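Asker: Throughout the sequence shown, residue numbering follows the working numbering, covering 1 to 439 in sequence.
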Amino acid sequence: MNERTFRVLEYQKIVGKLVERTESQLGRQMAKAIKPSIDIDEIEYLQRETEEALKLIIDNGNPPLFGIFDLSKELKLVGIGGSLTPSSLMKISDSLRVCRSLKGYLKEVKEEEIVDYPIIRGLVDDLRVLKHVEDEINNAIVNENEISDGASSTLRNIRRQIINRNESIRNKLDSIVNSQKYKKYLQDSIVTMREGRYVVPIKHENKAYFPGLVHDQSASGATLFVEPMAVVELNNELRELEIKEREEIDRILEELSGLVAEEADNIESNQGILQRIDFIFAKGKLALDMDGTRPILNEEGYINIKKARHPLLDVEDVVPIDIHLGNDFNTLVITGPNTGGKTVTLKTVGLLNLLGQSGLHIPADFNSQIAVFDQIFADIGDEQSIEQSLSTFSSHMTNIVDILDNVSDNSLVLLDELGAGTDPTEGAALAMSILGYLL
């Protein structure tokens, strides 16, 4: 299709509305890439997708799609033996939960009605539920920054020892900062941390009277942060336990990553299906919000749109229109006063055909018909004249010449104010000549 036509008919604005109704980055990627098709069988299939999604939303509410993530980087990493972060593992768990939830969503559909949704049912049936992977991740990961104590008995024991060492160190330091022997040497009676070690603030001039290791000093140099010798060994033990904790966490993450690697093919397959499902339901949501219907398709150039509404206009302000073209006649001239709706009518016909050929429902009455055109051309407005510093007339003529060079017997051509911008007599003659060529 002609890219200028997309711009003139504001097709991308509807694409933007479709994108807004997706739930994931994967769905957004597919929605942004939508384009009209010229294959009637493909369009019929795409329209059935939209129709199924619309019916399901109306009857069962929106599907549980929150939690779909693009896992391509994660799957690539485990494919080369890499280890995933807790955040990445949570994304995988969430995506697996969506797969399981979608199966539950369809189970709520009445048995006698499930036959009405063969496309979506087939996609959901192909999703792989990996409950064991989901459970292992959920049991081990608390959030994107924390591993659960229950991830392993070893980790639980290490953390218990860390708690005990911390308590021992705190108790020892509390006794030091509160003792009459050392209190006079302190800048303040507090315990703080420096370089991962417990320290107390000592007045610089009292360093010789307070045995310990200096780890830091204040900006003025008046205060030294000293680790008392009485807790050095305990701090060493704490540091060793923290290293063991990190090693055990790494081992757990490697183990979970290995589990993901074993199911990588199934997870990757799920990704493609979830992307499609998100996209399909975005089409259904858009159809619902636009009060859209599934158009009847034909390859004979026949258009019969009933009570059509431009989807970008406020529903309270728009006046529905009926358009009939291609059966008894294949050329339609729309006349009327300025601001009478002629341009909006042209844009509505072109845009609705683009939407229908993209597999989207159109805001019109049931049984409205659209044709499958190989090209849709539009010369509407003078937006190109600003870009190219051309006069309005020159801009129109440049575009019309391009249309005439590329038009076929199966094209829809929309011309607004043909011949305008020049001498009326010459413009009328030119318009008749162009129409004669197109006929």
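For every residue, glycine included, the Cβ atom is placed at its ideal position computed from N, Cα and C.
None of the values given here were measured: they were computed from a predicted structure.
Among V98, F279, V78, which has the Cα closest to the Cα of M30?
Answerer: A check of alpha carbon separations from M30 across V98, F279, V78 identifies F279 as the nearest.
Asker: Buried or exposed, going by whether 16 or more other CB atoms sit within 10 Å of the CB of T293?
Answerer: buried
Asker: Specify, as a first and last residue, the run of the alpha helix (DSSP H) that D94 falls within.
Answerer: 86-107
Asker: Please say whether S88 and E74 have beta carbons closer to each other than 8 Å?
Answerer: yes
Asker: For the beta strand (DSSP E) holding N298, just list the boundary residues, first then last.
Answerer: Element bounds for N298: 296-298.
Asker: Hey, L259 and E167: beta-carbon distance below 8 Å or not?
Answerer: Contact: no.
Asker: Rounded to the nearest angstrom, how far is the Cβ of G359 from that of E49, given a contact under 8 Å?
Answerer: 7 Å
Asker: Take the Cβ of V199 as the centre, count every other Cβ of all protein chains shown within 10 Å, and call the residue buried at 16 or more, exposed below.
Answerer: Buried is the call here.
Asker: Looking at R165: is its Cβ nearer than 8 Å to the Cβ of D149?
Answerer: Cβ distance not < 8 Å, so R165 and D149 don't count as in contact.
Asker: Flag this pair as touching only if the stretch 338-350 and the stretch 263-279 have three or more C-beta atom pairs under 8 Å; answer yes or no.
Answerer: no
Asker: Does the contact criterion of 3 or more C-beta pairs under 8 Å hold for the stretch 83-99 versus the stretch 64-74?
Answerer: yes
Asker: Buried or exposed: R21, going by 16 or more other Cβ atoms within 10 Å of its Cβ?
Answerer: buried
Asker: When you compare the stretch 31-51 with the stretch 237-255, are there three or more beta-carbon pairs, one atom per stretch, that lie closer than 8 Å?
Answerer: no
Asker: Can you list, in chain order, the residues of its chain with a C-beta nearer than 7 Å to that of Y182? Leave out the 5 residues immediately preceding and following it.
Answerer: I176, F210
Asker: Which one of R239, I92, V191 has the shortest CA to CA distance from H132?
Answerer: Of R239, I92, V191, the residue nearest in Cα terms is I92.
Asker: Helix, strand or coil for V200, going by three-state DSSP, please let me know.
Answerer: Of the three classes helix, strand and coil, the one that applies to V200 here is strand, per DSSP.
Asker: In terms of residues, what are the limits of the alpha helix (DSSP H) holding T22?
Answerer: From DSSP, T22 is part of no alpha helix (DSSP H); its letter is neither H nor E.
Asker: So which of V372, D126, T343 has the shortest CA-CA distance to D416?
Answerer: T343
Asker: Determine the DSSP secondary structure at G212, reduced to helix, strand or coil.
Answerer: Strand, per DSSP.
Asker: In the stretch 329-408, which residue ranges form an unbroken beta strand (DSSP E) of at least 3 residues, counting only runs that do not cross its ends?
Answerer: 369-371, 375-379
Asker: Can you check DSSP and say which residues form a bridge with V226?
Answerer: V200, V214
Asker: Measure the Cβ-Cβ separation of E227 and R197 and say whether it is below 8 Å.
Answerer: yes
Asker: Tell me which same chain residues have a C-beta within less than 6 Å of the C-beta of M290, skipping the five on either side of it?
Answerer: P311, P363
Asker: When DSSP labels each residue in this structure, what does K83 get in the three-state scheme?
Answerer: Note on identity: in this sequence residue 83 is Ser, with Lys being the wrong assignment. S83: coil per DSSP, three-state reduction.
Asker: Among the residues of its own chain, which have a CB less than 8 Å from the CB of I58, if the five just before and after it don't count?
Answerer: L288
Asker: Which one of Q271, I305, S218, I321 has the shortest CA to CA distance from N327?
Answerer: I305
Asker: Label A428 either buried or exposed according to how many other C-beta atoms from any shown protein chain fall within 10 Å of its C-beta, with 16 as the threshold for buried.
Answerer: exposed
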